[in-house]
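**Q** One structure, pasted below without further comment.
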Amino acid sequence: MELSKHRATASMAVDSVPVLPPELISEILTRLPVKTLLKMRCVSKSMLSLISNPQFIKTHLKFSINNQQFTYHKLLFRNFDDENSLSYYTFSLFPIPICVKPQRIPTELDFSCEDLFGDRYRILGSCDGLICISRDILDLFLWNPTTRKLKKLPSSGINVSCEHDVDFSYGFGCCTDTDQCRIDYRIVEIVRKEHSCINRYYVSVYSLRSDSWKRIEEYPSIVFRDHSGKFVNGKLHWSAEDRVSDNKSTFFISSFDLVNETFGNVALPGPEGEFFDREVGCSGGKLCLFCYFENKTDVWVMKEYDVVESWTKIASIPTKDYEAWPIFISRDDEILVHESRSLVWFNSRDNTFTRPEVRIRCDAANNLGLYNESLVSPFFLEEPIDQ
């Protein structure tokens, strides 16, 4: 009798628990970290179906990118303590605590891939949680470090096995097909071969949706000075040089529209004396320019895209016997800088440096990459993430 009453009471309690509408459940889940969502796939088939739904993945990505606390913004780098192994590490970009106690060690990612073993590789860029990586000559990979999905891309078909004077430039970004309004992720590969003082160019575009390459026949005969293009406003950008003659060159930013697949130019800010090099950057969705001098690095931000008058110099980072590569610019114009295999914060308001409570050993800026945690798959956009 007592057992029956207990069961009846329990049944009434369960029945009295309100059932949340699917819209509210989805709204709650979009605010959870990716790793939590990956664990929740095992709760039920309906939960798996929801988390794997392409529309949910897009909504979660949008919330992640627009998160004002930068909770899902990460810095990825390779540790060079052991040059014979390939280890990726990551930590949250914000908050990066200032060093007031023994340094914190970043999290090593659960990653293993024989294809990426070795030193001859670089991080080419990131978009929507996907990292584009190159190894040796023309070997490309797309990797989501949060879901641990890795895809080796097909070859573009450019034969450079016997070439010595070859330059490569890449770019990685996303676009929306204007006809069918479908999102696609694309990689631009620019190969420059030198034959008897004559440059030959090969420009190819890879589409993740079609998993194939296509050749671009119309392109400018210029020198792309950046190996990795920066994705801003639907276009990829490289620092470029047009060698008018042996003694004269014109410098500018070359852009490539991922939808129209056409090249264009973006004007630089006014000249400021002799410099060693220029590099295009991106932070907060804005185009940046880093000018390297003998004793400083100037940081420019284009406040309004493609408006040359909106170029604003926000900082001059003093340097001595090392190079300073800006990585990230905060809303308060604080700049995260990679120098001498370590990280420092530069405060542009009072020109002071502070060292974060994060220990890294990374010898070059092309072994660093910023990304947002996401559920986006490097295989096919409509592919469920559990496959």
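Sequential numbering of the sequence shown, starting at 0, is according to numbering that gives the first Met the number 0. For each residue, glycine too, the CB sits at the ideal point set by N, CA and C.
1. Determine the DSSP secondary structure at Asn366, reduced to helix, strand or coil.
2. List the whole-angstrom C-beta distance separating Val33 from Thr175, where the pair is believed to meet the contact cut-off of C-beta under 8 Å.
3. Please state whether DSSP places Leu235 in a helix, a strand or coil.
4. Kindly say whether Leu28, judged by its beta-carbon, lies nearer than 8 Å to any beta-carbon of chain D.
5. Would you tell me roughly how many angstroms separate the C-alpha atoms of Leu19 and Gly172, rounded to the nearest one?
6. Within the continuous alpha helix (DSSP H) that includes Glu278, where are the two ends?
7. Let me know the secondary structure DSSP gives Val222 once reduced to three states.
8. Just to confirm, are Leu267 and Lys234 a CB contact at a threshold of 8 Å?
9. Measure the C-alpha to C-alpha separation of Phe140 and Asn158 and round it to an integer number of angstroms.
10. By Cβ distance, which residues of its chain are closer than 8 Å to Lys150, with the 5 residues on each side in sequence left out?
11. Any idea what DSSP makes of Thr261, helix, strand or coil?
12. Grab the span of the beta strand (DSSP E) containing Ser227 for me, first residue to last.
13. Of all the options Arg354, Asp349 and Ser347, which has the alpha carbon lying nearest to the alpha carbon of Ser339?
14. My understanding is that Glu322 touches Tyr291, with C-beta atoms under 8 Å, so please give their C-beta distance in whole angstroms.
15. Going by DSSP in three states, Phe62 sits in which element: helix, strand or coil?
16. Taking the straight line between their C-alpha atoms, what separation do you get for Ser84 and Tyr370?
17. The beta strand (DSSP E) that contains Glu333, what's its start and end?
18. Suppose the cutoff is 6 Å on Cβ atoms and the five residues either side in sequence are ignored; what does the same chain contact list for Gly124 look like?
19. Output needed for Tyr200: all residues of its chain with C-beta closer than 6 Å, excluding positions within five of it in sequence on either side, in chain order.
20. Please tell me whether Phe250 and Trp237 are closer than 8 Å, where the distance is taken between their beta carbons.
21. Out of Ser155, Asn366 and Val300, which one is the CA nearest neighbour of Val279?
22. Please classify Ile27: is it buried, with 16 or more other beta-carbons within 10 angstroms of its beta-carbon, or exposed?
23. Would you kindly work out how many angstroms separate the C-alpha atoms of Cys180 and Leu207, rounded to a whole number?
24. Our contact map puts Thr35 next to His59 with C-beta atoms below 8 Å; I'd like the distance itself, whole angstroms only.
25. Figure out for me which residue from Pro21, Asp138, Ile50 and Ser282 has the closest Cα to the Cα of Leu31.
26. Within 10 angstroms of its Cβ, does Ser48 collect 16 or more other Cβ (buried), or is it exposed?
27. In this structure, does DSSP put Leu49 in helix, strand or coil?
28. Taking just the CA atoms, how far does Leu137 sit from Tyr120?
29. Comparing C-alpha positions only, which one of His337, Asp166 and Asn232 sits nearest to Cys126?
30. Using the beta-carbon count (16 or more within 10 Å), is Gly128 buried or exposed?
31. When DSSP labels each residue in this structure, what does Ile27 get in the three-state scheme?
**A** The relevant details are as follows:
1. To locate residue 366, count along the sequence shown from 1; it is residue 367. Reduced to three states, the DSSP call for Asn366 is helix.
2. Position 34 of the sequence shown, counted from the first residue, corresponds to residue 33. Position 176 of the sequence shown, counted from the first residue, corresponds to residue 175. Contact doesn't hold; Cβ gap of about 23 Å is too wide.
3. Residue 235 sits at position 236 when you count from the first residue of the sequence shown. Three-state result, Leu235: strand.
4. Judged by its chain identifiers, the structure shown contains no chain D, having just a single protein chain.
5. Taking the sequence shown and counting its residues from 1, one reaches residue 19 at position 20. Taking the sequence shown and counting its residues from 1, one reaches residue 172 at position 173. Leu19 and Gly172: Cα-Cα distance of roughly 37 Å.
6. Sequence index remark: in the sequence shown, residue 278 carries index 279 (1-based). No alpha helix (DSSP H) contains Glu278, which is instead part of the beta strand (DSSP E) from Asp276 to Ser282.
7. What you label residue 222 is simply residue 223 of the sequence shown in a count that begins at 1. Three-state DSSP puts Val222 in a strand.
8. In the sequence shown, the residue the question calls residue 267 occupies position 268. In the sequence shown, the residue the question calls residue 234 occupies position 235. It is not a contact, given that the beta carbons lie outside the stated cut-off.
9. If you number the sequence shown from 1, residue 140 lands on position 141. If you number the sequence shown from 1, residue 158 lands on position 159. Cα to Cα, the separation comes out at about 18 Å.
10. Here residue 150 is taken as the residue at index 151 of the sequence shown, counted from 1. The answer, listed in chain order, is Phe140, Leu141, Trp142, Pro377 and Phe378.
11. Taking the first residue of the sequence shown as 1, we reach residue 261 at position 262. Strand, per DSSP.
12. The count along the sequence shown starts at 1 and reaches residue 227 at position 228. Careful: Ser227 lies outside any beta strand (DSSP E) and carries neither H nor E.
13. Taking the first residue of the sequence shown as 1, we reach residue 339 at position 340. The shortest Cα separation from Ser339 among Arg354, Asp349 and Ser347 belongs to Arg354.
14. Within the sequence shown, numbered from 1, the residue matching residue 322 stands at position 323. Within the sequence shown, numbered from 1, the residue matching residue 291 stands at position 292. About 7 Å; that satisfies the 8 Å criterion.
15. Here residue 62 corresponds to residue number 63 of the sequence shown, with the count starting at 1. Helix at Phe62.
16. Locating residue 84 in the sequence shown gives position 85, counting from the first residue. Locating residue 370 in the sequence shown gives position 371, counting from the first residue. At Ser84, the pLDDT of 49 sits below 50, so the modelled position is not reliable; the number obtained from the coordinates is stated separately. Between Ser84 and Tyr370, the C-alpha separation is close to 23 Å.
17. Here the question's residue 333 lines up with position 334 in the sequence shown. Glu333 -> beta strand (DSSP E) spans Glu333 to Glu338.
18. Taking the first residue of the sequence shown as 1, we reach residue 124 at position 125. Contacts found: Cys131, Phe171 and Ser227.
19. Mapped onto the sequence shown, residue 200 falls at position 201. Excluding positions up to five away in sequence, the list reads Arg191 and Tyr218.
20. The sequence position of residue 250 within the sequence shown is 251, counting from 1. The sequence position of residue 237 within the sequence shown is 238, counting from 1. Not a contact, by the Cβ cut-off of 8 Å.
21. As a working note, residue 279 is residue 280 in the sequence shown. It is Val300 whose Cα lies nearest to the Cα of Val279.
22. The residue you call residue 27 lines up with position 28 of the sequence shown. By the neighbour-count rule (16 or more Cβ atoms within 10 Å), Ile27 is not buried but exposed.
23. Here residue 180 refers to the residue found at position 181 of the sequence shown. Here residue 207 refers to the residue found at position 208 of the sequence shown. Their Cα atoms are separated by approximately 15 Å.
24. As a first step, residue 35 must be located in the sequence shown, where it is residue number 36. As a first step, residue 59 must be located in the sequence shown, where it is residue number 60. Between His59 and Thr35 the Cβ distance is about 11 Å, and since that is not below 8 Å, they are no contact.
25. As a working note, residue 31 is residue 32 in the sequence shown. The option with the nearest alpha carbon to Leu31 is Ile50.
26. Along the sequence shown, read from residue 1 onward, the residue named residue 48 stands at position 49. By the neighbour-count rule (16 or more Cβ atoms within 10 Å), Ser48 is not buried but exposed.
27. Stepping through the sequence shown from its first residue, residue 49 is reached at position 50. Three-state DSSP puts Leu49 in a helix.
28. Residue 120 sits at position 121 when you count from the first residue of the sequence shown. Residue 137 sits at position 138 when you count from the first residue of the sequence shown. C-alpha separation (whole angstroms): 10 Å.
29. Your numbering for residue 126 matches position 127 in the sequence shown. Measuring from the Cα of Cys126, the nearest candidate turns out to be Asn232.
30. For the purposes of this step, residue 128 is taken as residue 129 along the sequence shown, with counting starting at 1. With 16 or more other Cβ atoms within 10 Å, it is buried.
31. Within the sequence shown, the letter at position 28 stands for residue 27. Note: Ile27 maps to helix in three-state DSSP.
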